[in-house]
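Visitor:
What follows is the structure in structure tokens.
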């Protein structure tokens, strides 16, 4: 269950990172509320995961999920560039996440 908590925390990190774009500098009420809620949920689930996982492993995987997901969502939602080099770098992050999971 601890790994599920960590994945959920990572998904909420993606939600709040993308949500920041929609808040328009926290000047739009509902996107700002949704983003703040996603932040709280992300850190809450990260905290639950850290009860059993090493802090370095949990934090690195959490930020990795958030980084990869945010880059991919930026490509899909905001037409950000999807160059081969950019995607290769995302692949390196995924490799690191897998490596940390296997060694935890």
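Residue numbers (my numbering): 1302 to 1405. Virtual Cβ for every residue (Gly too), placed ideally from N, Cα, C. No experiment lies behind these values; they were computed from the predicted model shown.
Which residue marks the beginning of the alpha helix (DSSP H) containing residue 1314, and which one marks its end?
Guide: 1303-1324
Visitor: When DSSP labels each residue in this structure, what does residue 1327 get in the three-state scheme?
Guide: In the structure shown, the three-state DSSP call for residue 1327 is coil.
Visitor: In terms of residues, what are the limits of the alpha helix (DSSP H) holding residue 1352?
Guide: Per DSSP, residue 1352 belongs to no alpha helix (DSSP H) and is neither H nor E.
Visitor: Given this structure, state the Cα-to-Cα distance separating residue 1370 from residue 1328, to the nearest angstrom.
Guide: 25 Å
Visitor: Pull up the distance between the alpha-carbon of residue 1338 and that of residue 1347, whole angstroms please.
Guide: 14 Å
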